Every structure is written in structure tokens, then in C-alpha cells.
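Residues in the sequence shown are numbered from 1 upward in steps of one, following UniProt numbering.
We put the CB at the ideal spot given by N, CA and C, even for glycine.
Model, not experiment: these values are computed from the prediction.
Written out below as C-alpha cells is the structure these notes cover.
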Amino acid sequence: MKFLPYWHDNAPAFAGASQGPVDGHYDVAVIGGGFTGLGAARQLAKAGAKVVVLEAEKVGSGASGRNGGHLNNGLAHSYLAAKAELGKERAIALYKALDDSIDTIEALIAEEGIDCNFRRAGKLKLASKPQHFDAIARNFEAVHTEVDPDTALLSADDLKQEIGSPFHGAMLSKKSAMMHMGRYVVGLAEAAKRHGATIFEKAAVTEHRQAGSRHRLKTTRGSVTADAVLVATGAYTPSTFGYFRRRIITVGSFIIATRPLTEAEIATTMPGNRTCVTSMNIGNYFRLSPDNRLIFGGRARFSASSDQRSDAKIGAILQARLAEIFPQLANAEIDYCWGGLVDITKDRFPRAGYHDGVWYAMGYSGHGAQLSTHLGMIMADAILDRPDRNPLKGLDWPAVPGHFGTPWFLPLVGMYYKMLDRFQ
């Protein structure tokens, strides 16, 4: 078993990072070399801006290269819950932003010629319990009527053609897609560089100072100045940006990937070949990889990956859960096991905008793979003083009480959601 992301191990390395010291003056400095930062950098560079990307590790090292490979439309909440909290107009705008984000990725892949196995697969929100299907059905009626007609409600019998495991029905979101995340992030970095962006790896930002309209960013490889700064670091935001760290809860998410499955195994497990998410609070998500592995994830532990021994224990927990859902794969070898951090806001709505001199986009709450490129491009347009398309503009973002950057309360949160799953 390899303790590294499948996406990293099966993609070419990005070879376009700049060498030598970090220095110079730029129109825009983007902090973070994931989907958000690279999407913004490409957009800025295409417009003629002089832009630098400062990445603490390697391109795609964070959430962009550690996720489950889903591009799911729809919100982290049910649409009904979002409408109750945000109002119908904002809920619809945010839902449609997720739709638009997948269109953006599809168009970008075609324009830049990125080979990353993009496919409109559709997503199944699977009802783990009978009462969960009732809630899914109510949400489906509102979604289908008010915002997304490309949806369907599937019964337990309908699901027999989709998945080889007994669930109680599902909502199918037909716009949802999947792709190879490692190949996409490298292709996005290459596109940004091709359009003129400068990308530095192993250049963690350690200090940010602003004097008038000029920013100075100190990194582990030198310093740059810039007229504008975009923070696109999500769960990996450095401590120098305390405002965001007090508003982001970093939660561990873990994934395993089996050996490639045979055609017979696929026929009895995932014949529909869609992205799948279960309805439990501490649920699971899974899909087939381009080479027919089952990529299976969940929050086996809320804290981050710590060491290989710990990750091996988490891999065993996920393998046991995989065997519960698909007993026919109980003995399938696990080839990969990895973990990463998810940037969650208290209300699980993402945030993007401008605060105290810097631009930002983060807090994707488990829906970043699809939304981040799109939102990065929207924030780039805002920096360029183009028409404002930000669906999150003006959304209040209070700090999490008692949270100063290290989420000490996560074990309690985990216990709470486990209790909910037991009784709901």
C-alpha cells in the first residue's frame, strides 16, 4: 500500500516552476498553488497582468490533489436548508454557481487541451436510511421545480441498475462530473505559466505587510511586492492570515483506492459509474478511477493525517466500511491510502471577497474541487475591475467562537455527528 494520493502518483510532475530566489514586483501575488490560485493566475495572466503564484509545497499538494475526484453540482447543504438560511435568491445564485463551475472547468479543459479524463457522470445522493429518502425526496421536489430540472428521484429498485449495494433510493444530479485531479491541476499550472504567470514552489509565505497600496510578502525563498494579493489557501492558510484561520475549521478527510477492479467486479458494484455520496452526517463518497479502482473516502478521523502508522489504521477503518457497503469487495487489495484537510466554515457556505486589503476565496466545505477554479477566476475578474460576478458578495462571515487557528473541539464535533447518525 502506498501512503500518498493516487492523483499525485498517476500524474506528470509540474516542470514549470521558477527557479532561483523569490523576488520582484508584481501586479498581483496569489498565495496558494491549487485550483483557486491557479485558476485566478491564469485569468489574470491572460488579461496581461503580471502575476506570481506562491505555493508552500508543490502545485496541487493541498486539497486540490487530495480530494475524492468528484465535481458535484448542488450545495453542501440541502437546497431547502440553504433557502431557509440564505433566502431563495441567494440560494439559487449559489446553486447555479456550482453548475457554472463545472461548465467553467469543462470549457477550460477544452481550451487548454488538458488530458484529465473529464466526464459528465452524474451524482447519486444515496439514502442510507428510509427516513433519509423522505428528506431527499422533499429536497428533490424543490430543486427540480425551482433551480435544476436536470435531476431525477430514483427508487431503491431504480438503484439496482446503478450500484451493487442496497440503498433506499437516491437523488440523481445529472450535471455532476468527475476528472483526474492530479492531471488537471498540473495542466492548469502549465496553462497559467503559458499565459505568463510566474509560479514558485516551496515558497511558503511567512509574513505579510501592507504599506499604502503596496504589499510585501516574505517567503522561505525570498520576498516579493505586489499591488494586490489573493489568499487562496483554504485549510492550509498560513498563520500570518489570522482573520481567515479564525473562520476556517480544518477537518481531516481520508481516502483509499483499491487495485483496478475487473469488469465483473464493476458490474456488481458500480455499473452506473457515477459519483456517489451517502446521506449520513459522517458518510462516505466514492467513484471509479480512470483505471477502474474504487476510490472510497470519508471522515474516519476528524483531525489531520499525522504519520504512516496512524494513516494505516484509518485505511483499515475505511476498508471495513467499504466492505460493509460492498461485501463483494471485502478482499480487494488497497493500493493507496491518503489524507488531507477540508476547509469548512461554521455554516458550511464558502466565502469570497475582499477584507483588510486582501482578496480571498476559500471555505468550500467539501465542494471545492468543482467551485474553486470558477471562484478563482471570478476573484481575478474582481481584481481586474471587471463586472462583479461574486455569488458570495456581502455574505457575513463571523469568527468561530473560541477558535484561534487550531480546532481543538473537533473530537467533540465528531462525537456529536456520530450520535446524530445513530438516532436519525
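- Lys88 is bridged by DSSP to nothing; it lacks a bridge partner.
- Taking the Cα of Ala97 as reference, the smallest distance to any Cα among Arg386, Lys58, Ile378 is reached at Ile378.
- Proximity to Gly212 across Arg194, Thr220, Asp227 peaks at Asp227, based on C-alpha coordinates.
- Bounds of any beta strand (DSSP E) do not take in Phe35; it lies within the alpha helix (DSSP H) bounded by 35-46.
- For the pair of segments examined, the segment 216-226 was found to touch the segment 24-34: the number of CB pairs separated by less than 8 Å reaches three.
- Taking C-beta atoms as the reference points, Arg348 and Leu395 fail to come closer than 9 Å.
- C-alpha of Arg247 to C-alpha of Ser78: approximately 22 Å in a straight line.
- If you draw a 10 Å sphere on the C-beta of Ala189, you find 16 or more other C-beta atoms in it, and that means buried.
- The beta carbons of Ala40 and Leu341 sit about 20 Å from each other, so the pair does not count as a contact at 8 Å.
- Cβ neighbours of Leu71 within its own chain (closer than 7 Å, five residues either side excluded): Ile102, Ile105, Ser176, Ala177, Met178, Met179, Ala369, Gln370.
- Closest in C-alpha terms to Lys123, from the list Leu159, Thr151, Arg138, Ser173, comes Ser173.
- DSSP places Arg245 outside any beta strand (DSSP E); the residue lies instead in the alpha helix (DSSP H), whose first and last residues are 242-245.
- Counting C-beta pairs with one atom in each stretch, the segment 108-121 and the segment 133-146 have fewer than three that are closer than 8 Å, which means they do not touch.
- Here Ala257 is not near Asp381, since their CB atoms are 9 Å or more apart.
- In this structure, Ser128 keeps its C-beta atom at 9 Å or more from the C-beta atom of Gly315.
- A direct Cα-Cα distance of roughly 34 Å separates Trp338 from Asp157.
- For the set Asn139, Gly69, Ser289, the Cα lying nearest the Cα of Phe35 is the one of Gly69.
- Excluding sequence positions up to five before and after Ser64, its CB lies within less than 6 Å of the CB of Gly34, Phe35, Val185, all in the same chain and listed in chain order.
- Pairing Leu261 with Arg293 gives a Cβ-Cβ distance under 9 Å.
- Taking 9 Å as the cut-off, the beta carbon of Lys125 is found no closer than this to the beta carbon of Gly60.
- Between the beta-carbon of Phe326 and that of Gly297 there is about 14 Å, and that puts the pair past the 8 Å contact cut.
- Gly187 and Leu44 have their alpha carbons spaced roughly 17 Å apart.
- Rounded to the nearest whole angstrom, the C-alpha separation of Phe14 and Gly87 is 43 Å.
- Take Gly366, set aside five residues on each side of it, and the residues of its chain with a beta-carbon closer than 6 Å to its own are Ala76, Val342, in chain order.
- For Thr269, the uninterrupted alpha helix (DSSP H) run begins and ends at 263-269, by DSSP.
- In the three-state reduction of the DSSP assignment, Thr237 falls in the coil class, being assigned neither a helical nor a strand state.
- Annotated three-state conformation of Ala316 is helix, per DSSP.
- Taking a C-beta distance under 9 Å as the contact criterion, Glu162 and Gly37 do not qualify as a contact pair.
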